[in-house]
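Taken in sequence, the protein lines are chains A and B.
The first sequence: position 101 = 82 (our numbering), numbered continuously.
The second sequence: position 92 = 76 (our numbering), numbered continuously.
For every residue, glycine included, the Cβ atom is placed at its ideal position computed from N, Cα and C.
A short worksheet on the structure shown next.
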Amino acid sequence: QKEVEQDPGPLSVPEGAIVSLNCTYSNSAFQYFMWYRQYSRKGPELLMYTYSSGNKEDGRFTAQVDKSSKYISLFIRDSQPSDSATYLCAMSGRSGGGADGLTFGKGTHLIIQP
Amino acid sequence: EAGVVQSPRYKIIEKKQPVAFWCNPISGHNTLYWYLQNLGQGPELLIRYENEEAVDDSQLPKDRFSAERLKGVDSTLKIQPAELGDSAVYLCASSFGERDTQYFGPGTRLTVL
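If you want it as structure tokens, here you go:
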């Protein structure tokens, strides 16, 4: 079993729908949780960064962390075709993930249909 | 502000040939990372530099991979000789320090024939 599990999809939803993306993990040492967006032929771009459990909102994006269940989610409201990309969850035991490394999920390929 | 720059963007070589990738991090970023991303997978760390010192190279296959970061700015990742299984995207990232957000470059897509 990998440390971070993420459904690769593809996940296809109509424009305007609420999208829910999820990751589960097994390492209880993870304290910092990130969501990256990666467009085709581009590098990952940081979307959300959260520490420990709770919610964080930024515009149309909401990140949730449930450490008791080892489960994290990213919600996208009013989804747009420009949101079509691969979404990678990443996590680490220390801030920034530099000292102990970022552990990524496989990424979920999201398609927003116009 | 310019982001992380990588070159070349694409490289096609035959197996057993050498290949090198170059990375220029964001100005002022002391920490530099090289990641490997296979198709359909998340990035995996190969090596991390703090200034010019390689502080974590435990995942770097040292029999064929090497890296350097002279003067603590630009970095080069080399593979010699390349194998078919090395076909992947090689990503460079940088951050102010090990506790700060990592910013990724566009990657170099390597195809080994």
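Is B:Pro2 helix, strand or coil when you go by DSSP? Three-state DSSP puts B:Pro2 in coil, outside helix and strand.
Going by the DSSP bridge assignment, what does B:Asn8 pair with across the sheet? B:Val(-11)
Evaluate the contact criterion for the segment -17 to -5 of chain A versus the segment 28 to 40 of chain A: three or more CB pairs, one atom per stretch, below 8 Å. no
Using the beta-carbon of each residue, which ones in chain A are nearer than 8 Å to B:Ser79? Gly77, Gly79
Is the beta carbon of A:Leu(-8) closer than 8 Å to that of A:Trp16? Note that the C-beta distance between A:Trp16 and A:Leu(-8) is not below 8 Å.
Should A:Gly82 and B:Leu29 be called a contact, given that it needs their Cβ atoms to be closer than 8 Å? yes
Rounded to whole angstroms, what's the CA-CA distance from A:Ser73 to A:Ala10? Just pull it up for me. Their backbone Cα atoms lie some 8 Å apart in a straight line.
What in chain A is Cβ-close to B:Gln86, meaning under 8 Å? Leu27, Gly77, Gly78, Gly79, Leu83
Residue burial classification, A:Gln(-13) (beta-carbon count within 10 angstroms, cutoff 16): buried
Quick check on the DSSP output: the beta strand (DSSP E) that includes A:Tyr35 runs from which residue to which? The sequence given here places Gly at residue 35 of chain A; Tyr does not occur at that position. A:Gly35 -> beta strand (DSSP E) spans 35 to 39.
I need the straight-line Cα distance from B:Lys(-1) to B:Ser(-9), nearest angstrom please. 20 Å
Return the Cβ separation of A:Thr67 and A:Gly88 in integer angstroms, given the expectation that the two are a contact with Cβ distance under 8 Å. 4 Å
I need the boundaries of the beta strand (DSSP E) containing A:Ile(-1), first residue and last residue. A:Ile(-1) -> no beta strand (DSSP E), and no H or E assigned at all.
Under 8 Å between C-beta atoms, does A:Leu91 make it to chain B? no
Would you mind sorting B:Gln1 into buried or exposed? The rule is 16 or more other CB atoms within 10 Å of its CB. exposed
Bridge partners for B:Gly(-5) per DSSP, in chain order? The sequence as given places Lys at residue -5 of chain B; Gly does not occur at that position. Looking at the DSSP output, B:Lys(-5) sits in a beta bridge with B:Leu94.
What residue from A:Asp64, A:Tyr6, A:Thr84, A:Ala80 has the CA that sits closest to A:His90's CA? The shortest C-alpha to C-alpha distance from A:His90 to any of A:Asp64, A:Tyr6, A:Thr84, A:Ala80 is the one to A:Asp64.
Which first and last residues belong to the beta strand (DSSP E) in which B:Gln86 is found? Neither: B:Gln86 is in no beta strand (DSSP E) and is coded neither H nor E.
In whole angstroms, what is the alpha-carbon distance linking A:Val46 and B:Pro65? 43 Å
Is B:Lys46 helix, strand or coil by DSSP? Coil.
Could you tell me whether the Cβ of A:Pro(-11) comes closer than 8 Å to any Cβ of chain B? yes
Establish whether the CB of B:Arg53 and some CB of chain A are separated by less than 8 Å. Residue-level contact check: B:Arg53 does not touch chain A, since none of the beta carbons of chain A fall below 8 Å from its beta carbon.
Name the chain A residues whose beta carbon is nearer than 7 Å to that of B:Thr15? Neighbours of B:Thr15 on chain A, chain order: Gly79.
Contact set for B:Val96: own chain, Cβ-Cβ below 7 Å, skip 5 residues either direction: Ile(-3), Lys(-1), Ala66, Glu67, Leu68, Asp70, Ser71
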